[in-house]
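Per our numbering, the very first residue in the sequence shown carries number 51; after that it's consecutive. Below you'll find the structure, written out as C-alpha cells, and then a few comments.
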Amino acid sequence: MTKPDYVMRTFIRTTQDALWSALTDADAAAAYHPFTPEADRDGDAIVYKLPDGSDMLVCRETELTPKTRIESTFEPRWQPGIPVSRFVWIIDPEGEHCRLTLEHYDIPEGGEGYADGWERLVAGLKTWLETGKTARFGGEG
Numbered sequence: 051m052t053k054p055d056y057v058m059r060t061f062i063r064t065t066q067d068a069l070w071s072a073l074t075d076a077d078a079a080a081a082y083h084p085f086t087p088e089a090d091r092d093g094d095a096i097v098y099k100l101p102d103g104s105d106m107l108v109c110r111e112t113e114l115t116p117k118t119r120i121e122s123t124f125e126p127r128w129q130p131g132i133p134v135s136r137f138v139w140i141i142d143p144e145g146e147h148c149r150l151t152l153e154h155y156d157i158p159e160g161g162e163g164y165a166d167g168w169e170r171l172v173a174g175l176k177t178w179l180e181t182g183k184t185a186r187f188g189g190e191g
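Dropping the structure here:
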C-alpha cells in the first residue's frame with residue numbers, strides 16, 4: 051500500500067449526501083473553491099477555470115464508491131509541465147457531521163504549495179456547507 055504524501059482531515063456539520071454532492075457537482079465546487087469562481091463538468095472530470103476562461107486544474111474521477119470515496123487525478127494547467135498526481139476524498143458520516151479525509155499521492159517536486167491550496171479549499175467547502183457563504187481568497191467573496 052502506497053503512503054500518501056499529504057493527508058488532511060476535518061469534520062463538517064453536513065449530511066453525507068450534501069458532502070458527496072459538493073465534491074462531485076461542478077456548480078457546487080465553483081461556489082466554495084478558494085481561487086476560481088468557475089468550474090465545469092466534462093464527463094468524468096471537473097475542470098476549474100482561470101478568470102480568462104482557460105483551464106486552471108482538471109480533476110478526473112478514476113474510481114467512485116458512491117457517497118464514501120472519490121479517487122481522482124490532479125492535473126495542474128496553471129503552468130506547463132507540472133506532472134499529474136492523484137488524490138482521494140474519503141467521507142465517513144458521524145452523526146450530524148461527516149469526517150472528510152483527503153489523501154494526495156505522488157506530489158511532484160516543487161508541489162509544496164499544494165498543502166496550502168488544499169487547506170484553503172477544504173476551509174471554503176466547510177464554510178459553504180455550514181453557512182451557505184462562499185470563502186474566496188485574494189479579496190473576492
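All C-beta atoms in this analysis are idealised placements derived from N, C-alpha and C, irrespective of residue type, glycine included.
Cross-strand partners of residue i (DSSP beta bridge)
i	result
serine 122	Glu111, Phe137
methionine 58	Leu152
proline 116	Its beta-bridge partners do not exist; DSSP assigns none.
proline 143	Cys148
Residue span of the alpha helix (DSSP H) that contains residue i, given as start and end
i	result
alanine 76	76-82
Residue i CB to nearest heavy atom of the ligand FAD below 8 Å
i	result
glutamate 162	Looking at this structure, you won't find the ligand FAD or any other ligand, since it has none at all.
Three-way DSSP call (helix, strand, coil) for residue i in this model
i	result
lysine 176	helix
arginine 170	helix
alanine 67	Checking the displayed sequence, the identity of residue 67 turns out to be aspartate instead of alanine. Helix, per DSSP.
Whole-Å CB distance - residue i paired with residue j, under 8 Å assumed
i	j	result
glutamate 111	aspartate 90	So it is not a contact: roughly 14 Å between Cβ atoms.
leucine 150	leucine 69	7 Å
Extent of the continuous beta strand (DSSP E) run through residue i
i	result
arginine 91	89-92
isoleucine 96	95-99
Check whether the stretch 167-186 touches the stretch 66-83, taking contact to mean three or more Cβ pairs, one atom from each stretch, closer than 8 Å.
yes
Okay, do the stretch 106-121 and the stretch 129-144 touch, 3+ Cβ pairs below 8 Å being the bar?
yes
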